[in-house]
Amino acid sequence: MTGPYEVLAAAPGFSVDFVAKTPDPVRSDRGLRFVPTQTLASAPPCDLLVVPGGPGTDDAILDPDWVAFTRRQALGARYVFGICTGSLLLGAAGLLRGRRASSHWRARELLAHFGAVPTDARLCVDGNVFTAGGVTSGIDMALKVVATLCGDEVAKLIQLQIEYDPEPPFPGGTPKTSEPDIVRQYLAQSQARFEQRSAKVRQAALNVPDGPAAAGSAA
Numbered sequence: 448m449t450g451p452y453e454v455l456a457a458a459p460g461f462s463v464d465f466v467a468k469t470p471d472p473v474r475s476d477r478g479l480r481f482v483p484t485q486t487l488a489s490a491p492p493c494d495l496l497v498v499p500g501g502p503g504t505d506d507a508i509l510d511p512d513w514v515a516f517t518r519r520q521a522l523g524a525r526y527v528f529g530i531c532t533g534s535l536l537l538g539a540a541g542l543l544r545g546r547r548a549s550s551h552w553r554a555r556e557l558l559a560h561f562g563a564v565p566t567d568a569r570l571c572v573d574g575n576v577f578t579a580g581g582v583t584s585g586i587d588m589a590l591k592v593v594a595t596l597c598g599d600e601v602a603k604l605i606q607l608q609i610e611y612d613p614e615p616p617f618p619g620g621t622p623k624t625s626e627p628d629i630v631r632q633y634l635a636q637s638q639a640r641f642e643q644r645s646a647k648v649r650q651a652a653l654n655v656p657d658g659p660a661a662a663g664s665a666a
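Under our numbering, think of the first position of the sequence shown as 448, with each following residue one higher.
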């Protein structure tokens, strides 16, 4: 979330809120603490809804409050932006039905349970819904969102401001480009979480709301 936040907060005219159930600080799975500026009850309608990913998404897709909030805000927003496994919450809210969508590669296939068309694209745009792959792709997509809303020049200025010119120290970063042994190790390490997530996705898919997939959508 920190990378996309840096990009979006730098865009002229943007005011970014962090939303949680309560005003209490929220701890990420890596230990960062975020201080909410709005709650589910107080958050006003937004122009751009950003849904980050992470392990917390697995519980959010089964939480009626989060699902309802996400759907309500998305249907009133100009654009919707899912980062990493945040796209699973978009799916649970009925916002990806019939749409192409991306997510972290380990979770991407699960999008089909919500009626989405999974794509291995790092960045995917379908109508007014933007979805990105794993963590780092959130920066790429945030720049694309800014370019859409503010123009290419503004996005280029922000890209320069944050000196975003990635040169990974190792080749790889996707299952297709990483060494086979590295892929096997990660698959083994993540198998238990994948199985738990899969079970929750299947459960959430039973309660996907009916209705339009997003504001202004014919899907």
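Cβ atoms here follow ideal geometry from the backbone N, Cα and C, with glycine treated the same way.
Residues of its chain near residue i, where Cβ-Cβ distance is below 6 angstroms and the 5 sequence neighbours each way are ignored
| i | result |
| --- | --- |
| leucine 535 | Thr504, Ile508 |
| methionine 448 | Pro499 |
| proline 472 | Arg480, Val482 |
| aspartate 476 | Gly501, Pro502 |
| alanine 458 | Val593, Cys597 |
| alanine 515 | none |
| threonine 578 | Gly529, Ser534, Ala548, Ser549, Cys571 |
| arginine 644 | Asp505 |
Close beta carbons around residue i, own chain, < 7 angstroms, minus the five adjacent residues each side
| i | result |
| --- | --- |
| aspartate 464 | Thr484, Gln485, Ala490 |
| proline 565 | Ala548, Arg555, Glu556, Leu558, Ala559 |
| histidine 551 | Gly500, Cys531, Thr532, Gly580, Gly581 |
| glutamate 453 | Ile609 |
CA-to-CA distance, residue j to residue i, given in whole angstroms
| i | j | result |
| --- | --- | --- |
| glycine 541 | proline 618 | 37 angstroms |
| alanine 539 | leucine 496 | 15 angstroms |
| threonine 624 | threonine 469 | 41 angstroms |
| proline 451 | aspartate 628 | 31 angstroms |
| aspartate 494 | arginine 525 | 5 angstroms |
| glycine 460 | aspartate 567 | 32 angstroms |
| leucine 653 | tyrosine 611 | 41 angstroms |
| proline 492 | alanine 467 | 15 angstroms |
| lysine 647 | glycine 580 | 20 angstroms |
| arginine 544 | glycine 562 | 4 angstroms |
| serine 462 | threonine 517 | 19 angstroms |
| tryptophan 513 | proline 616 | 38 angstroms |
| glycine 529 | alanine 635 | 26 angstroms |
Beta strand (DSSP E) segment containing residue i, residue limits
| i | result |
| --- | --- |
| phenylalanine 577 | 576 to 579 |
| valine 655 | From DSSP, valine 655 is part of no beta strand (DSSP E); its letter is neither H nor E. |
| valine 572 | 570 to 573 |
Enclosing alpha helix (DSSP H) for residue i [first to last residue]
| i | result |
| --- | --- |
| leucine 535 | 533 to 539 |
| leucine 607 | 599 to 608 |
| valine 630 | 627 to 651 |
Beta-carbon proximity list for residue i, same chain, < 8 angstroms, skipping 5 on both sides
| i | result |
| --- | --- |
| aspartate 657 | Gly541 |
| glutamate 626 | Gly619 |
**Prompt:** In the segment 456 to 525, which residue ranges form an unbroken alpha helix (DSSP H) of at least 4 residues, counting only runs that do not cross its ends?
**Reply:** 503 to 507, 511 to 523
**Asked** Between the segment 518 to 534 and the segment 601 to 614, do three or more beta carbon pairs fall short of 8 angstroms?
**Response** no
**Asked** If you pair each beta-carbon of the segment 632 to 643 with each one of the segment 575 to 594, do three or more pairs fall below 8 angstroms?
**Response** no
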